[in-house]
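If you want my numbering, it's the 1-based position in the sequence shown plus 12. C-beta: ideal position from N, C-alpha, C; glycine also. Quick caveat: nothing in here was measured; it's all calculated off a predicted structure.
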Amino acid sequence: MKRRVHDLAVMGGAPAFDEHLHVGRPNIGDRSRFLERMNNILDRRWLTNQGVYVNEFENRVAEFLGVRHCIAMCNGTVGLEIAIRALGLTGEVILPSFTFVATAHALQWQEITPVFCDIEPDGHCIDPLRVEEMITPRTSGIIGVHLWGAPCRIEELSEIARRRNLKLLFDASHAFGCSHLGKMIGSFGDCEVFSFHATKCVNTFEGGAVVTDDDGLAAKIRLMKNFGFQGYDNVIYIGTNGKMDEASAAMGLTSLESMGDFIAANKRNFEEYERELAKTPGVRLLPYDRDESRNFQYMVVEIDEERAGLNRDELLFVLHAERVLARRYFYPGCHRMEPYRSYFPHAGLLLPITEKVCRRVLSLPTGQAVGTEQVVIIADIIRVALSHAAEVRSRLSANTCHTEKV
Ligand SMILES: *Cc1c(COP(=O)(O)O)cnc(C)c1O
């Protein structure tokens with residue numbers, strides 16, 4: 013049965029799905045392996061503090077990434093905070109505004125000023141040309157974010173950092189299992205930080221890791237994540253509690269074993285979306301490098317209102333009515349969130365690409381919990397809505413429901 017405009021839920025039809033489809037519904041690995049590990053943890057009565065599974069998880073991650081050190085953390089944000097502190101960042105640090113707010117908060121939390129830099133229109137990562145313009149005598153470092161798992165301009169950023177004597181850290185929260193020039197993301201810059209939050213490709217419920225080839229930095233980070241303890245009662249440094257617990261590591265090990273399946277499901281969905289949406293006017297899929305490893309964890313499209321006929325928020329409303337809970341990651345940009353909005357009310361003037369991309373991006377459901385039959389339906393909803401854009405728009409504006417509410 014062919015979907016027509018009047019079948020759309022916003023036009024009065026029944027929603028396409030009985031249950032909500034989410035972005036970032038967690039991938040679950042082999043349940044029996046996980047439960048077996050949980051039993052082992054209870055049998056050992058060793059629940060946290062560098063237990064067997066945390067050690068194993070760190071070793072497996074380091075080996076997989078080809079990096080000397082992996083320090084597991086309770087979450088990615090604390091990983092960023094500790095990495096920032098261990099690198100000795102102060103004053104100002106340059107980062108993109110187009111990222112999850114934790115990247116900026118990790119700086120501001122320790123009273124380092126985040127200086128928001130614009131991104132490149134194609135890949136959505138920080139633009140090295142703009143970075144150079146934002147450096148001041150107070151700048152101590154750069155944080156690049158490998159957004160959607162696609163690497164930043166690593167060579168250009170490394171060159172700037174070297175020449176201007178700045179530290180270079182990467183927020184690699186999205187990029188576990190992704191490569192750059194055939195080398196896994198994880199060993200670039202001074203260090204890289206992963207998140208293993210439930211919504212990420214590989215998850216530990218909550219969790220993260222700092223990875224680095226720098227022995228001295230790794231030692232410092234290990235101390236900092238355990239209150240600065242060196243041995244039983246010798247504190248040699250100010251630290252915090254950034255430890256990963258054994259249950260998280262058990263999930264992480266199980267998740268790592270199934271990573272191939274997670275990525276295969278994401279890739280299958282990505283290719284289905286690509287097939288279905290490639291020729292839809294006004295819908296742009298982000299390009300990706302087919303020679304590199306990608307985890308396809310984020311299914312991001314850009315909606316160009318002029319060509320599509322509907323803007324991103326209208327399309328979002330159409331999808332939500334069908335119970336497709338697409339998201340506007342990372343709208344509206346950190347610079348439009350508090351406290352940054354009040355601190356830097358004019359930041360947007362230097363962020364034209366960020367502002368434009370923020371109005372266009374839409375993250376669509378993917379992952380293990382989404383099947384290709386569902387992808388076909390989601391794509392069909394988008395095509396039908398856009399090919400009857402005028403009708404849909406007039407219905408939306410007639411409705412009392414306001415698109416800003418989504
Ligand atoms: C998820 C995420 C984080 C934060 O990680 P948590 O593990 O949730 O603390 C940081 N930066 C980016 C870009 C993220 O997507």
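(request) Take Val369 as the anchor and find which of Gly103, Lys212, Glu132 and Arg234 has the nearest alpha-carbon. (result) Translated into positions along the sequence shown, residue 369 becomes position 357. Closest option to Val369, Cα to Cα, is Glu132.
(message) Which residue marks the beginning of the alpha helix (DSSP H) containing Met13, and which one marks its end?
(response) As a first step, residue 13 is located in the sequence shown; it is residue number 1 there, counting from the start. DSSP places Met13 in no alpha helix (DSSP H); its state is neither H nor E.
(request) Report the partner residues of Val113 according to the DSSP bridge assignment. (result) What you label residue 113 is simply residue 101 of the sequence shown in a count that begins at 1. Val113 is not bridged to any residue.
(request) Give me the Cα-Cα distance between Ala401 and Ala320, rounded to the nearest whole angstrom. (result) Position 389 of the sequence shown, counted from the start, is the residue given in the question as residue 401. Position 308 of the sequence shown, counted from the start, is the residue given in the question as residue 320. Going by the C-alpha atoms only, they are around 8 Å apart.
(message) Let's test the definition: count the other Cβ atoms within 10 Å of the Cβ of Lys419 and tell me whether it reaches 16, buried, or not, exposed.
(response) This structure cannot speak to residue 419, because the chain is shown only from 13 to 418.
(message) Would you call the region 390-399 in contact with the region 163-177, where contact means no fewer than 3 C-beta pairs closer than 8 Å?
(response) no
(message) Am I right that Asp42 and Glu269 are in contact with their C-beta atoms under 8 Å? What's the rounded C-beta distance?
(response) By 1-based counting over the sequence shown, the position of residue 42 is 30. By 1-based counting over the sequence shown, the position of residue 269 is 257. With 8 Å as the limit, Asp42 and Glu269 qualify as a contact, their Cβ atoms being about 7 Å apart.
(request) Can you tell me which of Glu286, Val223 and Glu218 puts its alpha carbon nearest to the alpha carbon of Glu424? (result) The requested residue 424 is not part of the displayed model; the chain covers only 13 to 418.
(request) Say whether the region 138-155 touches the region 374-387, bearing in mind that this needs 3 or more beta-carbon pairs closer than 8 Å, one atom from each stretch. (result) These segments do not touch.
(request) Output the distance between the C-alpha atoms of Leu47 and Ser354, rounded to the nearest integer angstrom. (result) Here residue 47 refers to the residue found at position 35 when the sequence shown is read from its first residue. Here residue 354 refers to the residue found at position 342 when the sequence shown is read from its first residue. Within the model, the alpha-carbon separation for Leu47 versus Ser354 is close to 47 Å.
(request) Quick one: which unbroken alpha helix (DSSP H) runs of 4-plus residues sit fully inside the region 302-373? Chain order, please. (result) Runs of the alpha helix (DSSP H) lying entirely within the region 302-373 and spanning at least 4 residues, in chain order: 317-320, 324-333, 352-355 and 364-372.
(message) Can you find the residues in the same chain that come closer than 7 Å, C-beta to C-beta, to Arg234, ignoring five residues on each side of it along the sequence?
(response) Start at 1 with the first residue of the sequence shown, and residue 234 comes out as number 222. So the qualifying residues of the chain are Ile83.
(request) Report buried or exposed for Arg56, applying the criterion of at least 16 other Cβ atoms within 10 angstroms of its Cβ. (result) Start at 1 with the first residue of the sequence shown, and residue 56 comes out as number 44. Looking at its Cβ environment, which holds fewer than 16 other Cβ atoms inside 10 Å, Arg56 is exposed.
(request) Could you check if His358 is buried or exposed, using at least 16 other CB atoms within 10 Å of its CB as the buried criterion? (result) One-based indexing of the sequence shown puts residue 358 at position 346. Exposed, because fewer than 16 other Cβ atoms sit within 10 Å of the Cβ of His358.
(message) Looking at the strands, I want to know which residues DSSP matches up with Leu33.
(response) For this step, residue 33 is matched to residue 21 along the sequence shown. DSSP lists Val336 as partners of Leu33.
(message) Are there any heavy atoms of ligand 1 lying less than 6 Å away from the beta-carbon of Glu114, as far as the coordinates show?
(response) For the purposes of this step, residue 114 is identified with residue 102 of the sequence shown, where counting begins at 1. Sequence inspection shows Ala at residue 114; the Glu mentioned does not correspond to that position. Yes; taking the cut-off as 6 Å, the Cβ of Ala114 has a heavy atom of ligand 1 nearer than that.
(request) Check each candidate in Arg150, Thr384 and Arg339 and name the one with the smallest Cα separation from Glu286. (result) Your numbering for residue 286 matches position 274 in the sequence shown. With distances taken between Cα atoms, Glu286 lies closest to Thr384.
(message) Between the alpha carbons of Ser152 and Glu314, how many angstroms are there, rounded?
(response) Indexing the sequence shown from 1 puts residue 152 at position 140. Indexing the sequence shown from 1 puts residue 314 at position 302. Each residue's Cα considered, the two are about 33 Å apart.
(request) Please name the residue in Gly156, Asn52, Glu334 and Ser305 whose C-alpha comes closest to that of Asp392. (result) Within the sequence shown, the letter at position 380 stands for residue 392. The shortest Cα separation from Asp392 among Gly156, Asn52, Glu334 and Ser305 belongs to Glu334.
(message) Taking the alpha carbon of Val404 as the reference point, which residue from Phe329, Pro108 and Arg371 has its own alpha carbon closest?
(response) As a first step, residue 404 must be located in the sequence shown, where it is residue number 392. For Val404, the nearest C-alpha among the options comes from Phe329.
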